[in-house]
Amino acid sequence: MFTEAEWLRTKAIPTMDDYMQNAIVSFTLGPTVLPALYLVGPKLSDDVAENQELNYLFKTMSTCGRLLNDIHGFKVYSSFLLCP
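So that you can map any letter, position 48 of the sequence shown is 48 in the UniProt record's numbering, and since no number is skipped, the others follow by simple counting.
This is the structure:
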């Protein structure tokens, strides 16, 4: 969130890579999904928990969630901004 606030304050337009790298962190899916993954359901072995595929899945989930959130936000706010 701080990075996005800094972009807004300085009127900077981030590159797509910078935006997506920040999007994974700022979407905050981790505090919601990861405790459920580790604490609810079957016990995960250390091998599974440390597997790179799980990390990739989490990053992909965060990216998709953030982009869906951005699309929805754009639809909502553009209707306010574009109204005469």
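Glycine included, every Cβ here is placed at the ideal spot set by N, Cα and C.
Note that the structure is predicted; figures quoted are calculated from it, not measured.
Grab me the residues of S26's own chain with a C-beta within less than 8 angstroms of its C-beta, minus the 5 sequence neighbours each way, in chain order. Here residue 26 corresponds to residue number 26 of the sequence shown, with the count starting at 1. If we look at S26 and ignore the five residues flanking it on each side, its Cβ neighbours are M1, T3, E4 and R66.
Using alpha carbons as the reference points, say which of F74, A23, M16 and D17 lies closest to C64. If you number the sequence shown from 1, residue 64 lands on position 64. Measuring from the Cα of C64, the nearest candidate turns out to be A23.
Along the alpha helix (DSSP H) that carries V48, what are the first and last residues, could you check? Numbered from 1 along the sequence shown, position 48 holds the residue referred to as residue 48. Counting along the chain, the alpha helix (DSSP H) containing V48 begins and ends at D46 to A49.
Could you check what DSSP says for P35 in three-state terms: helix, strand or coil? Residue mapping note: residue 35 aligns to position 35 of the sequence shown, counting from 1. P35: helix per DSSP, three-state reduction.
Along the alpha helix (DSSP H) that carries L54, what are the first and last residues, could you check? Position 54 of the sequence shown, counted from the start, is the residue given in the question as residue 54. Taken as a continuous stretch (DSSP letters only), the alpha helix (DSSP H) holding L54 covers Q52 to L81.
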